[in-house]
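Student: Sequence lines, in order, name chains X and D. If you read the first sequence in my numbering, its first letter stands for residue 1, the second for the next number, and so on. If you read the second sequence in my numbering, its first letter stands for residue 391, the second for the next number, and so on. Here a beta-carbon is modelled for each residue, glycine too, at the ideal position from N, C-alpha and C.
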Amino acid sequence: MKTTKDTTTPGHGGDVRLTGIGKTYGSFTAVHPLDLTVPQGSFFALLGASGCGKTTTLRMIAGLEEPTEGTVHLGDQDVTALPPYKRPVNTVFQSYALFPHLDIFENVAFGLRRRGVKSVKKQVEEMLELVQLGEQARKKPHQLSGGQQQRVAVARALINHPEVLLLDEPLGALDLKLRRQMQLELKRIQTEVGITFVHVTHDQEEAMTMADTVAVMNAGRVEQLGAPADLYENPRTTFVANFLGTSNFIEAEVDSKSGGELVLKAGGGKLVLPEARNSAPTTAGGKVLVGVRPEKISLIHADDAGEIPGGRNRITGRIADSSFIGVSTQFVVDSPVCADFEVYVQNIDRDARLAPGAEVVLHWDPAHTFGLDAAQDIDAGVETVEEEVV
Amino acid sequence: MATLTQAPPPVAPPVPEKRPPRRRGRWTPYLLLLPGLLWLFVFFALPVIYQASTSVQTGSLEEGYKVTWHFATYWDALSDYWPQFVRSVLYAASATVLCLLLGYPLAYLIAFRAGRWRNLIMILVIAPFFTSFLIRTLAWKTILADGGPVVDVLNTLHVLDVTAWLGWTAGDRVLATPLAVVCGLTYNFLPFMILPLYTSLERIDPRLHEAANDLYARPSTTFRRVTFPLSMPGVVSGTLLTFIPASGDYINSDLLGSTDTRMVGNVIQSQFLRILDYPTAAALSFILMAAILFIVTLYIRKSGTEDLV
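1) Please report the residue range of the beta strand (DSSP E) in which X:Ser298 lies.
2) May I ask you to list the residues that DSSP assigns as paired with D:Ser450?
3) In terms of residues, what are the limits of the alpha helix (DSSP H) holding X:Phe110?
4) Under 7 Å Cβ to Cβ from X:Ser279, same chain only, skipping five residues before and after it: list those, please.
5) Around the Cβ of X:Lys54, are there at least 16 other Cβ atoms within 10 angstroms (buried) or fewer (exposed)?
6) Anything in chain D within Cβ reach of X:Leu64, meaning under 9 Å, just list it in chain order.
7) Would the beta-carbon of X:Thr209 fall within 7 Å of that of X:Gln183?
8) Any Cβ of chain D within less than 7 Å of the Cβ of X:Phe249?
9) Apart from the five residues just before and just after D:Tyr455, which ones in its own chain have a Cβ nearer than 8 Å to its Cβ?
10) Considering only the beta carbon of each residue, do D:Thr687 and D:Thr486 sit closer than 7 Å?
11) Checking contacts by CB at 7 Å: is D:Ala501 closer than that to chain X?
12) Which term fits X:Ile159, buried or exposed, when burial requires 16 or more other beta carbons within 10 angstroms of its beta carbon?
13) What is the C-beta distance between X:Arg318 and X:Val332, in whole angstroms, given that I count them as a contact (C-beta under 8 Å)?
14) For D:Ala442, does the three-state DSSP call read helix, strand or coil?
15) Pop quiz: X:Gly269 and X:Ile315 are said to be a contact at Cβ under 8 Å. What is the actual Cβ separation, rounded to whole angstroms?
16) Assign D:His599 to one of three DSSP states: helix, strand, or coil.
17) By the criterion of Cβ-Cβ separation under 7 Å, what are the contact partners of D:Thr611 in chain X?
18) Leaving out five residues before and five after X:Leu178 in sequence, what residues of the same chain have Cβ atoms less than 6 Å from its Cβ?
19) Quick one: is D:Asn775 buried, meaning 16 or more other Cβ sit within 10 Å of its Cβ, or exposed?
20) How is X:Thr213 classed by DSSP in three states: helix, strand or coil?
21) Determine, for D:Arg593, whether the minimum Cβ-Cβ distance to residues of chain X falls below 7 Å.
22) If contact means a Cβ-Cβ distance below 7 Å, which residues of the region 24-52 of chain X contact chain D?
23) Taking the DSSP output, what are the residues bridged to X:Cys338?
24) Please work out which residues of its chain come closer than 6 Å, Cβ to Cβ, to X:Val391, disregarding the five sequence neighbours upstream and downstream, and give them in chain order.
25) Nearest CA to the CA of D:Ile658: which residue from D:Tyr640, D:Thr649 and D:Gly647?
26) Would a check of beta-carbon distances place X:Gly111 closer than 7 Å to chain D?
27) Would you mind telling me which residues of chain D sit closer than 9 Å to X:Ser145, beta carbon to beta carbon, in chain order?
28) Measure the alpha-carbon distance for X:Ala392 versus X:Leu299 and round it to whole angstroms.
29) For the beta strand (DSSP E) that contains X:Ala252, what are its first and last residues?
30) Use the C-beta contact count for D:Thr649: other C-beta atoms within 10 angstroms, 16 or more gives buried, fewer gives exposed.
31) Of all the CB atoms in chain D, is at least one closer than 7 Å to the CB of X:Ile107?
32) Using 8 Å as the Cβ pair cut-off and three pairs as the minimum, do the region 532-546 of chain D and the region 470-481 of chain D touch?
33) Counting beta carbon pairs with one atom in the region 494-510 of chain D and one in the region 548-566 of chain D, are three or more of them shorter than 8 Å?
34) Quick check: what's the CA-CA separation for X:Met391 versus X:Ala155?
35) What residue does the alpha helix (DSSP H) around D:Thr527 start on, and which one ends it?
36) Mind listing, in chain order, the continuous beta strand (DSSP E) runs of no fewer than 3 residues lying wholly within the region 303-377 of chain X?
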């Protein structure tokens, strides 16, 4: 490993720094100028629906796409003008792009041979061991299964000890079970070799499982960047809130502020929102989208409403639909403030009265509430999720 | 499951075997093959057999020919016409190499760089086929005519001095020289090279180029290590499709060459149509066939195409 003298000190050496990088094709802007820093040794995911510019961003790091503006730095080196074969970066392609005329061994040895490494045998064999393909060395790519080909593609890139490994939807062609397995595998390899991984995916679960940092992209822009849990708990836009999991939104009006808490009017009732979790402007009478995740909400039959402890946000409604999915039951509640309120209830004790048509009260800890600017599309990022993440 | 504890029932008399199902279907594949087989028999096997018998006949046109198993015709034909054989192979090989050198870049351009011009260039490649072979070759007679612009330019640049020194041209003429014949062959068989090359280049996933680039291969290395090896099936079929007909061709030599550039095709043609010595003509055809078969087999072995994807 030639590049990792200072893996432990982030912000040095091998950071990937994109500065004002953008790409336009004629009149179409694939990537709006964006700044992005990927710390050395991290597992970074670019998440977004197809056509959001994530792959273009990745290809600009690889040098396969020339940015219209901006610069790419690897560590202190400006690589913007370098062709791909001169960049210390390797890519795992979406379709693997293994060389069909070479066997597995030669595919993996390709990069080493091009750089004039004389004795490749030991390194290639070690790398094939790492991805558990030692037996397959003399087979041709088409003789391997999809998962094996995927591992060859990873081995072929990793053997060069790149400063950054770029993964372009590498698991897209695999079935669900294999994909889960490969996610763990890739995570294991990343931890083992300590190379920076930049992973492009449209699968939010994949991004959250694998990455330390996720950048959610939408229409050529980075919507939000952060640790998976942070993104999930504190989405700053409706797109992020809807693209990562499911969110419920209530349109509310600012009533008053007191002690770090906002009191909001929604329908007839009041909702409390911690000011720290609000990203909307809060002039009195201003509009705020109040968001809450379905699993944070408790559901109780209207007859038992008196049991709800004080200080919780509550709204009333009627169960419109319920689906039992084993570990939990997913309810859709029709309430005056939001037509399709989704609630996931863990199946610990099931209340038989909670059936469609039942009057219920929903309540949750105000700390689990987040506030977003009401000026945006409440359904942004919803349909793409349904289309792509099955 | 009650039957398990009981004695096995007495063996039933064997049911007379029913005729196998789908009996009619058994012959269908052969029936479907029949027209093709008939075609092959009538238009390939029969003429070959007929020619084979002709090649071992003796006699004359007046008295008629009889099969006398006179294999000496083969030896005579070979010893009389071996220069033409050698010339055929040389000219055809030169034309094939030229076709490859000219056709590969063009096929590469069409496959990877032409974009929306792809179809237009393809049409331009195929367009000469709309004119007859003969007319196209005659056109080259005009192009290479003595004192024509092409010859003038070549003369001024002293290219003809070099080719004359190499023995490809004579004096300040191009017409009636080996160069003219090879030019004609190259021109006439170029599409046969380009089309298979294009087909195999076009099948190459452009992401393989990107992958090679990403793995430290500069463009020239990418071509040498990835593109060219993957286009080998096209190279092999293109060279075969060019070499085989070119080595049997006689029109180019007839129209663009002289008596010094006669190829084996010319000999066969004149034996059949002018001298009417059918046995010699037939024997020459068989020798040519055998020679091509031999060269092609060697070539395919050597290029190892069966190992390619």
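Tutor: Let me spell this out:
1) For the purposes of this step, residue 298 of chain X is taken as residue 298 along the first sequence, with counting starting at 1. Residues Ser298 to His301.
2) Residue 450 of chain D sits at position 60 when you count from the first residue of the second sequence. Looking at the DSSP assignment, D:Ser450 forms a beta bridge with D:Gly454.
3) Here residue 110 of chain X refers to the residue found at position 110 when the first sequence is read from its first residue. From DSSP, the alpha helix (DSSP H) with X:Phe110 extends over Ile104 to Arg114.
4) What you label residue 279 of chain X is simply residue 279 of the first sequence in a count that begins at 1. Contacts found: Arg236, Gly371, Leu372 and Asp373.
5) For this step, residue 54 of chain X is matched to residue 54 along the first sequence. Buried is the call here.
6) Stepping through the first sequence from its first residue, residue 64 of chain X is reached at position 64. Simply Glu600, Asn603 and Asp604.
7) Sequence index remark: in the first sequence, residue 209 of chain X carries index 209 (1-based). Sequence index remark: in the first sequence, residue 183 of chain X carries index 183 (1-based). Their beta carbons are under 7 Å apart, which means X:Thr209 touches X:Gln183 by this criterion.
8) Translated into positions along the first sequence, residue 249 of chain X becomes position 249. Taking Cβ atoms only, chain D never reaches closer than 7 Å to X:Phe249, which makes this a no.
9) The residue you call residue 455 of chain D lines up with position 65 of the second sequence. Taken in chain order, the residues that qualify are Thr444, Gln447, Thr448, Gly449, Tyr668 and Pro669.
10) In the second sequence, residue 687 of chain D corresponds to position 297, counting from 1. In the second sequence, residue 486 of chain D corresponds to position 96, counting from 1. No; because the gap between Cβ atoms is not below 7 Å, this pair is not in contact.
11) As a working note, residue 501 of chain D is residue 111 in the second sequence. So, not an interface residue.
12) For the purposes of this step, residue 159 of chain X is taken as the residue at position 159 of the first sequence. Buried.
13) Here the question's residue 318 of chain X lines up with position 318 in the first sequence. Here the question's residue 332 of chain X lines up with position 332 in the first sequence. Contact doesn't hold; Cβ gap of about 10 Å is too wide.
14) Along the second sequence, read from residue 1 onward, the residue named residue 442 of chain D stands at position 52. Three-state result, D:Ala442: helix.
15) Here residue 269 of chain X corresponds to residue number 269 of the first sequence, with the count starting at 1. Here residue 315 of chain X corresponds to residue number 315 of the first sequence, with the count starting at 1. At roughly 6 Å, the Cβ-Cβ gap stays under 8 Å, so X:Gly269 and X:Ile315 are in contact.
16) Residue numbering aside, residue 599 of chain D sits at position 209 when the second sequence is read from its first letter. D:His599: helix per DSSP, three-state reduction.
17) For the purposes of this step, residue 611 of chain D is taken as the residue at position 221 of the second sequence. Per Cβ cutoff of 7 Å: Arg114.
18) The count along the first sequence starts at 1 and reaches residue 178 of chain X at position 178. Gly147, listed in sequence order.
19) Residue 775 of chain D is absent from the structure shown; chain D starts at 391 and stops at 699.
20) Against the first sequence, residue 213 of chain X aligns to sequence position 213. Three-state DSSP puts X:Thr213 in a strand.
21) Within the second sequence, the letter at position 203 stands for residue 593 of chain D. It does not: the Cβ of D:Arg593 has no partner Cβ on chain X nearer than 7 Å.
22) none
23) Taking the first sequence and counting its residues from 1, one reaches residue 338 of chain X at position 338. Partner(s): X:Ser335.
24) Absent from the structure is residue 391 of chain X, since the part of chain X shown begins at 1 and ends at 390.
25) Taking the first residue of the second sequence as position 1, residue 658 of chain D is located at position 268. Nearest C-alpha to D:Ile658: D:Tyr640.
26) Here the question's residue 111 of chain X lines up with position 111 in the first sequence. By this cut-off, X:Gly111 is an interface position.
27) In the first sequence, residue 145 of chain X corresponds to position 145, counting from 1. Near X:Ser145 there are no residues of chain D at all, since even the closest Cβ is about 17 Å away, more than 9 Å.
28) This structure cannot settle anything about residue 392 of chain X, because the visible part of chain X is limited to 1 through 390.
29) The residue given as residue 252 of chain X occupies position 252 in the first sequence. First-last of the beta strand (DSSP E) with X:Ala252: Asn248 to Ser258.
30) Working through the second sequence from its first residue, we reach residue 649 of chain D at position 259. Counting Cβ neighbours within 10 Å, D:Thr649 comes out exposed, since fewer than 16 surround it.
31) Indexing the first sequence from 1 puts residue 107 of chain X at position 107. In the sequence as presented, Ile is not what sits at residue 107 of chain X; that position holds Asn. By this cut-off, X:Asn107 is not an interface position.
32) no
33) no
34) In the structure as shown, chain X begins at 1 and stops at 390. Residue 391 of chain X is therefore absent and cannot be evaluated.
35) On the second sequence, position 137 is the one that residue 527 of chain D refers to. Run containing D:Thr527: Phe523 to Ile533, per the alpha helix (DSSP H) assignment.
36) 313-324, 328-335, 338-346, 359-364 and 370-373
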